[in-house]
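Before any comments, here is the structure.
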Amino acid sequence: MASVPSLASTVQQRLADALTAALPEAGSADPLLRRSDRADFQANGILALAKKLKGNPRELATKVVGAIPANDVLKAIEVSGPGFLNITITDKAITETLAARAADERLGVPYKDQPGTTVIDYAQPNVAKEMHVGHLRSAVIGDAMVKILEFAGEKVIRRHHIGDWGTQFGMLIQYLIEHPHELDHKDADVSGEEAMSNLNRLYKAARALFDSDEEFKARSRDRVVALQSGDEETLALWQRFVDESKIYFYSVFNKLDMEIDDPDVVGESGYNDMLDETCRILEESGVAVRSEGALCVFFDDVKGPDGNPVPLIVKKSNGGYGYAATDLSAIRDRVQNLGADTLVYVVDARQSLHFKMVFETARRAGWLNDRVHAVQLAFGTVLGKDGKPFKTREGETVRLVDLLDEAIDRATAVVRDKAEKVGLTEQEIVENGRYVGIGAVKYADLSTSASRDYKFDLDQMVSLNGDTSVYLQYAYARIKSIIRKAGDTQPAAHPELSLAPAERALGLHLDQFGEVLTDVAASYEPHKLAAYLYQLASHLTTFYDQCQVISDQNAPEVVENRLFLVDLTARTLHQGMALLGIRTPERL
Ligand SMILES: NC(=[NH2+])NCCC[C@H](N)C(=O)O
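Take the sequence shown: its letter number 26 is residue 558 in my numbering, and every next letter is one higher.
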């Protein structure tokens, strides 16, 4: 089905046409249309135009209004104040537009004008290490962006750039060689928890030995050399660490109700074969230069506290490669082999300097250019209730799984509280508890601008009132229960009916869904979608206060039109939440 133009864009177009007709000397001026409290929309563009044309704004405004041909979208246009236009839409146009949206399975949301290929780098934990709240943010924000971009028609390739390479593996592998049963499982289907606790135990033991035993340290260093030179036995053991960690990662992602496909997990090690060439190209083109034995890229605007330039080191003086060489190789791969024209990195803001230097280096090398660009969707730190970086009382990093389990427990209690009234089975309580708990965690993250730090506060997250996912999930379930009561039929719209103020407000908000999604797909700001959905639920609440849906007092077509409105609201909520990666249970 074709996309449905929003009423705002229809009005904008009519005003722009009238502007050109009435004031040809204005060229193509923007009427600057905004939603407004005084009417449905307000256009402020004539003020600026009057200044430019040295005319009287009210006179110009009157002229523009006179040039609008008769139509059944605009009910009233008033010139007000110094030369604003207050615009009211007809009820008929609102209902007809909504009916067109309802008839489309995409709710009339347009596809991107020129879809391209985006490679998005997100959900990138580190092998043999616990996942923490920072990994949660990357996963949650990244997953939402993947869904939003795909919905917009973009081709999206996911890359989970896990930390699976580095000198620490020498120590781990050497320890495993000397204690060969440390990663053995009791039975074949080992749980993620068990896998991680094995890795943790091994890591701690290896670390302790490494720090206390010089001979083990030496053997570990030799092991790094063996790993880097591709020794088969060493690589096979390294692979065991990766596989064991994946069992754990996948169990966490599964708990997060997130799909991660194994072929999309291309960790740092996946670029090993490219590192030499990447450095050779950079050196030969003069982008990178030798400095104190290391291969470096310098930037005019990157200096340390002492005023000396801080370079990006692509190859260390001992010949080793680091994080930067890998990321530069990944850019080449993503652009040249995967055909990306956009690269998105959902990574902690604390790595912003790294990405700034990596992107600039890639531009100098020509891998990024006018046609191919890269952005870091940088996110802030997760704070505890006290406003300090999130730590346990003992000062340790909080384990992600513990948090998720606690969120699910709290949410299950909330669901259970109301379960009897709704008539939920035990199985539904458990399932809904998961959806509400995981939804709460995701929504808390997605409803604040990613660049800001946010407080991880479970009490607030599962609160039934306020800007939370449960509030939205209840709004959805309530509509579903009304629709079930009405007999579960597909309600039709009645454009001939006049609308109450709360119906118009709800309707006009519903009409903005596509615009919001287009904006979010372009700006990488999923919090705008969360804000839109919260406002939608708030409009719905006002609507319930002011308008009865099913009532003997209402004519049957009023009932049906209201059912139509709430049904479209439910579909919009469902679609919007799904794009944020959050489920909306039918009964709650
Ligand atoms: N291409 C990248 N560097 N992606 C980000 C990787 C994040 C890294 N594994 C971390 O835990 O901090």
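Ideal Cβ positions, reconstructed from N, Cα and C, are used throughout, including at glycine.
Alpha-carbon to alpha-carbon, residue j and residue i
i	j	result
ARG942	LEU935	11 Å
VAL651	GLU682	12 Å
ALA738	GLU746	13 Å
ASP865	LEU814	15 Å
LEU1095	ALA1069	15 Å
THR594	ILE609	10 Å
THR649	ASN869	12 Å
ALA750	VAL756	10 Å
ALA1024	LEU1097	9 Å
ASP675	ILE689	12 Å
VAL876	TYR1056	9 Å
ILE961	GLY971	15 Å
ALA758	MET728	25 Å
ALA575	ARG931	51 Å
ASP794	HIS886	27 Å
ARG882	ARG895	22 Å
PHE495	VAL842	The structure shown does not extend to residue 495, since the chain is modelled only from 533 through 1120, so no value can be given for it.
ALA919	THR913	Here the sequence assigns Gly to residue 919, which means Ala is not the residue at that position. Straight-line Cα distance between these residues: approximately 10 Å.
GLU591	PRO556	15 Å
ASP490	LEU708	Outside the modelled stretch of the chain, which goes from 533 to 1120, sits residue 490, for which no answer is possible.
Bridge-paired residues (DSSP) for residue i
i	result
GLY587	Note: GLY587 sits in no beta bridge, so no partner.
ARG733	For ARG733, which the question treats as bridged, DSSP gives no partner whatsoever.
TYR986	VAL914
GLY695	ASN658
ILE689	VAL651
ARG567	PHE573
As assigned by DSSP and simplified to three states, the class of residue i
i	result
PRO1033	helix
ARG1115	coil
ARG1127	Nothing in the structure corresponds to residue 1127, since the chain is present only between 533 and 1120.
THR1104	helix
ARG903	coil
LYS923	strand
LEU909	strand
THR929	strand
LYS718	coil
THR552	helix
HIS711	coil
ILE1082	coil
TYR1056	coil
LEU956	coil
LEU936	helix
LEU1120	coil
ALA740	helix
THR542	helix
Proximity of residue i and residue j at Cβ, strictly below 8 Å
i	j	result
LYS1012	ALA1102	yes
TYR1066	ASP999	yes
LYS974	GLY1113	yes
ASN618	ARG570	yes
MET790	ALA982	no
GLY724	SER783	yes
VAL774	VAL678	no
PRO647	GLY685	yes
GLU800	THR893	no
ILE680	ASP977	no
ILE626	LEU1040	yes
VAL536	LEU606	no
ILE600	PRO589	no
CB contact check: residue i to chain C, cutoff 8 Å
i	result
ALA897	Among the chains in the structure shown there is no chain C, since it carries only a single protein chain.
Residue i CB to nearest heavy atom of ligand 2 below 7 Å
i	result
VAL672	Because ligand 2 does not appear in the structure shown, any question about it cannot be addressed here, the ligands present being ligand 1.
For a minimum of 3 consecutive residues, which ranges assigned as the beta strand (DSSP E) are wholly contained in the stretch 592 to 655? The qualifying runs are 606 to 612, 616 to 621 and 649 to 653.
What are the start and end residues of each continuous alpha helix (DSSP H) run of 4 or more residues lying completely inside the stretch 997 to 1030, in chain order? 1001 to 1017
Which runs of the alpha helix (DSSP H) fall wholly inside the stretch 820 to 898 and span at least 4 residues, in chain order? 855 to 864 and 884 to 896
Please give me, in chain order, every unbroken run of the beta strand (DSSP E) with length at least 3 that falls completely inside the stretch 744 to 832. Segments of the beta strand (DSSP E) lying fully in the stretch 744 to 832: 821 to 823 and 826 to 829.
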